[in-house]
Amino acid sequence: MTGLPKGYREIRRIDLVNNRREALLINLLALLIAGAVTALGFLICPPFSEVEIGIHTILGIVLLLIGILLYMVLHEVVHGVFMKAFSGRKPRYGYTGFYAYAGSDALFDRTQYMIIAFAPVVILGLLLAVLTAAFYEAAFWYLYIIQIVNLSGAAGDLYVGCLIARAHSDVMVRDTGTDMSFYSAQ
């Protein structure tokens, strides 16, 4: 659906590109999540006290950076897959300089948008957890750092999910990728 139902009006707008206060709030939330998940990682697998710099270390860092970029793309693709599944419309993808995004002109109800918002962190988070456990000895920290990016990078999704959860049950969401509007008849 792209047209608003009769009687609906915009009740909230989120624009992380132009609203610096909201963007700062989400970035602080991301840092808090990253710190907590990193601390948990140190409890699960304390890093070795001796670091050797060599070709294996450099290769590992390069692969880690590639993994993070791949994760960012997959995160947005998962959003887009669910947007397409619920609306039948092809999503748009982009990068603003600060955020990668998937967007659509379609309207989504509360349940649909909660699934769209949380699908990447859940699906990719489970996949990363399985890989991290499977390759604990060989690559724990490389995979766990991507998991940290997964969880902290979902701060915006968590923020939006909390707002939607508190909104009226009839809330409709339009997420164009760079901004988001909530609509309700209430």
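Quick note: the sequence shown uses this note's numbering, first residue 9, plus one each step. We put the CB at the ideal spot given by N, CA and C, even for glycine. In this text the structure is predicted, and so the values were computed from the model without any measurement.
- A straight line joining the alpha-carbon of G96 with that of G15 spans about 24 Å.
- Closest option to T186, judged by alpha-carbon separation, among A173, A110, I153: A110.
- The segment 131–145 makes no contact with the segment 98–112; the number of CB pairs closer than 8 Å stays below 3.
- Comparing alpha-carbon positions, the option among P13, C53, I123, L33 lying closest to A146 turns out to be C53.
- With contacts defined by Cβ atoms closer than 8 Å, E18 and S177 do not form a contacting pair.
- Per DSSP, the unbroken beta strand (DSSP E) holding Y103 starts and ends at 100–103.
- Rounded to whole angstroms, the gap between the alpha carbons of I124 and D117 is 10 Å.
- Within the same chain, Cβ atoms closer than 8 Å to the Cβ of A163 are found at I34, N35, L37, A38, I41, the five residues on either side in sequence being excluded.
- Bounds of any alpha helix (DSSP H) do not take in D178, whose DSSP letter is neither H nor E.
- Around the Cβ of R28, a 10 Å sphere holds fewer than 16 other Cβ atoms; the residue is exposed.
- About 6 Å separates the Cβ atoms of V129 and D165, confirming a contact at the 8 Å cut-off.
- Comparing C-alpha distances from V86 to each of A141, L48, Y121 shows the shortest one belongs to Y121.
- According to DSSP, residue pairing for Y109 in a beta bridge involves G102.
- Nearest to L48 by C-alpha distance, out of L159, G169, I61, is L159.
- Here I19 carries a strand assignment [DSSP, helix/strand/coil].
- Here R182 carries a strand assignment [DSSP, helix/strand/coil].
- Looking at the DSSP output, M188 bridges to I22, D183.
- Taking A175 as the centre and dropping the five residues before and after it, the same chain places the C-beta of I19, R20, R118, F190, S192 closer than 8 Å to its C-beta, in chain order.
- Annotated as distal: V157 and Y107, with beta-carbon spacing of 8 Å or more.
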